[in-house]
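What follows is one structure encoded as structure tokens, with my remarks underneath.
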Amino acid sequence: MKPRTEAPFLKGVRLSRGAWVIGIGNPCRSDDAAGLEVAAHLKAAYPDCVSCLENAADPETLISSWVGRPEVVVIDATWSDAPPGTIHFFDAARRPLPAEHFPCTSTHALGLRQCVELARALYRLPRHLWVYGIEGRNFALGIRCSAPVRRAIDIVAAEIGARWFADREAVPASPPPAPLGRHSAERGADPI
Amino acid sequence: MKPTSKRSLRVAYLARVEGEGALDIQVKDGRVTEAQLRIFEPPRFFEAFLRGRAYHEAPDITARICGICPVAYQMSAVHAVEDAFGVSIPEPLRLLRRLIYCGEWIESHALHVYMLHAPDFLGFDDAIQMAAVHPDHVQRGLGLKKIGNELVALLGGREIHPINVKVGGFYRAPTPAELRALTDRLKWARDAALATVAFVAGFDFPSFEQDYEFVALRHPEEYPFNEGRLTSSKGLDIPVREFNRHFEEDHVAHSTALHARIAERGAYFVGPLARYALNYDRLGPSAQEAARAAGLDTVCRNPFKSIIVRSVEMVYACEEALRIIACYEMPAQPAVAIEPVAASGYACTEAPRGILYHRYRLDARGIIRDLRIVPPTSQNQATIEADLRALVTARLDLPDDRLTRLSEQVIRNYDPCISCSVHFLRLNVERSSS
Chain A
28 MKPRTEAPFL KGVRLSRGAW VIGIGNPCRS DDAAGLEVAA HLKAAYPDCV SCLENAADPE
88 TLISSWVGRP EVVVIDATWS DAPPGTIHFF DAARRPLPAE HFPCTSTHAL GLRQCVELAR
148 ALYRLPRHLW VYGIEGRNFA LGIRCSAPVR RAIDIVAAEI GARWFADREA VPASPPPAPL
208 GRHSAERGAD PI
Chain B
114 MKPTSKRSLR VAYLARVEGE GALDIQVKDG RVTEAQLRIF EPPRFFEAFL RGRAYHEAPD
174 ITARICGICP VAYQMSAVHA VEDAFGVSIP EPLRLLRRLI YCGEWIESHA LHVYMLHAPD
234 FLGFDDAIQM AAVHPDHVQR GLGLKKIGNE LVALLGGREI HPINVKVGGF YRAPTPAELR
294 ALTDRLKWAR DAALATVAFV AGFDFPSFEQ DYEFVALRHP EEYPFNEGRL TSSKGLDIPV
354 REFNRHFEED HVAHSTALHA RIAERGAYFV GPLARYALNY DRLGPSAQEA ARAAGLDTVC
414 RNPFKSIIVR SVEMVYACEE ALRIIACYEM PAQPAVAIEP VAASGYACTE APRGILYHRY
474 RLDARGIIRD LRIVPPTSQN QATIEADLRA LVTARLDLPD DRLTRLSEQV IRNYDPCISC
534 SVHFLRLNVE RSSS
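Just so you know, the sequences run in chain order A and B. Each residue of the first sequence is one higher than the one before, starting from 28 at the first, in the working numbering. Each residue of the second sequence is one higher than the one before, starting from 114 at the first, in the working numbering.
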């Protein structure tokens, strides 16, 4: 199957202008850094609207990062049968994230899917919670995403910028950010 | 249920524990013939990684053994290396080490109490189910865990695998103002920990007590984190450097983690119940009062009640953190100078799950030539299996599903950190030639 690399179609979805963007991932696990990479791209242009959570499996760190924000966009790597680089899009405020895209990879940790459900149980979900999933291929140790994932990162970053920040003036382009794992992204981490 | 049949209780993948393990119990003719905590997570070879490395790499490399208790690995590593080099650190740095350990205990205990253990007692499969019925309690647990993480992040540079701990002290010491900024949050945490004790004390606990040999550090004045002699409830009282003379490790076929035993007597028990039993008089007044109000005596031999003791220890850790912050004076230097010498060093510190032993043999350049690490979970394995055997023997009348669930709970009583327990490398090579 050919990866779906065009922007996800959001027909019928009402989007506000402006949202809080959260990139999630482990910068030292290759394609797992996809969400962080998207957020790093956007942070350079819209620094007041983006946070990067490295290894953000601590539920309170993630949940408190969207408290008080009516519309939130989260980007994370996914791990299903889809080809690498496939872009998924989910409305997590309306229904749980699918287990086949966000499988439980730990006996004790809470991943994004479980954190969302914990927040739902605690009535701490934002009113709108959109989740982009970028299908990964390689989650081994490494600080560089695979080629199809890098292409998807560019597409998702461009799409979020166009859909949520079109009326904002971007900060002029500066030298590209250092590779993840070396730049000073906000840390919100712990492994549970 | 008739006790004459053959029964097998199996859990292929234990949930709500750190790492990968399984449970296997065999019952034949009303007798438990096998009770195994099978640890199948692959060995991780950390002792091999460290051979040939410089002494200053030990805290950062061993911290990678565990994402839940990296501070414990760092503390045991720096104390053992400093023991080898004959280094002593000034009081402000000693207190900062206690403070970072407070953070780790708070976050680790909050995780286990609320996310991993409480669902057992309340009949839920996980904390998400529990949150739907007890949102305020789960929210309190999340808040406690977060303040523990914040404390570790402030002192360690980040929450997991901190990078600010070094042999001789810290790379950077926090300012008093940075620490004082946490005071109000820690006061909230202390109250939340007290509420936690009251909450978990109301659970129904199976009637189950064993004659354990508790082993923990004992300090002349303080509830132990980093210092003290190794003591036990059956008379052991030794300096840490004599650990090897009294404790043995064996390989068993069903576990990639070594089983530890006291040479003279066998299985023993480390962790909150052991610390509490051997150091009750070192807890502060409010932690003692909370324990009494929860119905605990000065010694608790029911491992199911470890959830209460963990909560009491959270009260202590919050109060100790507040005490240290209140009296903190910034050290003149964040670390003392280190001069390597050829020597061996030993240390035990109290990880959230129990004593964590490190031994290093270093050469004159400070290169690690040999080392040994004995984590708490491998020390508790034999006791966990003895608990399983005793509990199943006493509850054979229960149907399989309830007995299996209760057996899983027995394992979770110990908050096992399976990933920690399988760090070892013991390789025997037999060579022959034709």
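The beta carbon of each residue, even a glycine, is placed where N, CA and C say it ideally should be.
For this session: Would you verify that the beta carbon of Pro69 (chain B) is, or is not, closer than 8 Å to some beta carbon of chain A?
Result: As shown, chain B starts at 114 and ends at 547. That puts residue 69 (chain B) outside it, with no answer to give.
Problem set entry | Cβ-based burial, Ser320 (chain B) [other Cβ within 10 Å; buried from 16] | exposed
Exercise. Around the C-beta of Val454 (chain B), are 16 or more other C-beta atoms found within 10 angstroms, so that it is buried, or is it exposed?
Worked result: exposed
For this session: Identify the contact partners of Glu144 (chain A) in chain B, using a Cβ-Cβ distance below 9 Å as the criterion.
Result: Ile241 and Ala244
Exercise. For Arg342 (chain B), which three-state DSSP category applies?
Worked result: strand
For this session: Give me the Cα-Cα distance between Met28 (chain A) and Gly112 (chain A), rounded to the nearest whole angstrom.
Result: Because the pLDDT of Met28 (chain A) is 42, which lies under 50, any placement of that residue in the model is unreliable, and the question is left without a value.
For this session: Give a yes or no on whether the minimum CB-CB distance between Val542 (chain B) and chain A is below 8 Å.
Result: The predicted model places Val542 (chain B) with a pLDDT of 33, which falls under 50 and marks its position as unreliable; any figure quoted below should be read in that light. Not closer than 8 Å to any Cβ of chain A, the Cβ of Val542 (chain B) fails to qualify, so no.
Problem set entry | Neighbour flag for Pro125 (chain A) against chain B, beta carbons, 8 Å | no
Exercise. For Arg478 (chain B), is the classification buried or exposed, using 16 other Cβ atoms within 10 angstroms of its Cβ as the cut-off for buried?
Worked result: exposed
Exercise. In whole angstroms, what separates the C-alpha of Glu131 (chain B) from that of Ala148 (chain A)?
Worked result: 24 Å
Exercise. Under 8 Å between C-beta atoms, does Gly256 (chain B) make it to chain A?
Worked result: yes
Exercise. Nearest-angstrom Cα distance between Ile260 (chain B) and Asp483 (chain B)?
Worked result: 37 Å
Exercise. With distances taken from CA atoms, which of A:Ala67, A:Trp106 and A:Gly160 is nearest Phe166 (chain A)?
Worked result: A:Trp106
Exercise. DSSP three-state call for Ala185 (chain A): helix, strand or coil?
Worked result: helix
For this session: Decide yes or no for the touch test of the segment 265-285 of chain B against the segment 226-242 of chain B: beta carbon pairs closer than 8 Å, at least 3 of them.
Result: no
Exercise. Exposed or buried, what is Ser118 (chain B) when buried is set at 16 or more other beta-carbons lying within 10 Å of its beta-carbon?
Worked result: exposed
Exercise. Which whole-angstrom value is the C-beta distance of Ile51 (chain A) and Val101 (chain A), which I expect to be below 8 Å?
Worked result: 6 Å
Exercise. Count the other CB atoms within 10 Å of the CB of Asp59 (chain A); is the residue buried (16 or more) or exposed (fewer)?
Worked result: buried
Problem set entry | Rounded straight-line distance, which links the Cα of Ala148 (chain B) to that of Ile497 (chain B) | 9 Å
For this session: Quick one: give me the first and last residue of the alpha helix (DSSP H) that Trp218 (chain B) is part of.
Result: Glu204 to Ala223
For this session: Keeping to the same chain, check which residues put their C-beta closer than 7 Å to that of Arg90 (chain B); ignore five residues upstream and five downstream.
Result: Because residue 90 (chain B) is not part of the residues shown, which for chain B are 114 to 547, the question remains open.
For this session: Rounded to whole angstroms, what's the CA-CA distance from Glu335 (chain B) to Arg164 (chain A)? Just pull it up for me.
Result: 51 Å
For this session: Answer yes if the segment 277-297 of chain B comes into contact with the segment 188-196 of chain B, meaning at least three C-beta pairs across the two stretches below 8 Å, and no otherwise.
Result: yes
Problem set entry | Arg214 (chain A) (DSSP reduced to helix, strand or coil) | With a pLDDT of 32 at Arg214 (chain A), under the threshold of 50, the modelled position of that residue is not reliable, and the figure given next carries that caveat. In the structure shown, Arg214 (chain A) sits in a strand (DSSP, three-state: E or B).
Exercise. Does the beta carbon of Glu87 (chain A) sit closer than 8 Å to a beta carbon anywhere in chain B?
Worked result: yes
Exercise. Cβ of Ala434 (chain B) within 8 Å of Cβ of Leu212 (chain B)?
Worked result: yes
For this session: Spatial neighbours of Tyr527 (chain B) within its chain, please: CB distance less than 6 Å, with the 5 preceding and 5 following residues excluded, ordered by chain position.
Result: Asn493 and Ile497
Exercise. So which residues on chain A does Gln252 (chain B) lean against when the C-beta distance must stay under 7 Å?
Worked result: Leu149
For this session: Out of A:Ala46, A:Ala136, A:Pro110 and A:Tyr159, state which residue places its alpha-carbon closest to the alpha-carbon of Glu64 (chain A).
Result: A:Tyr159
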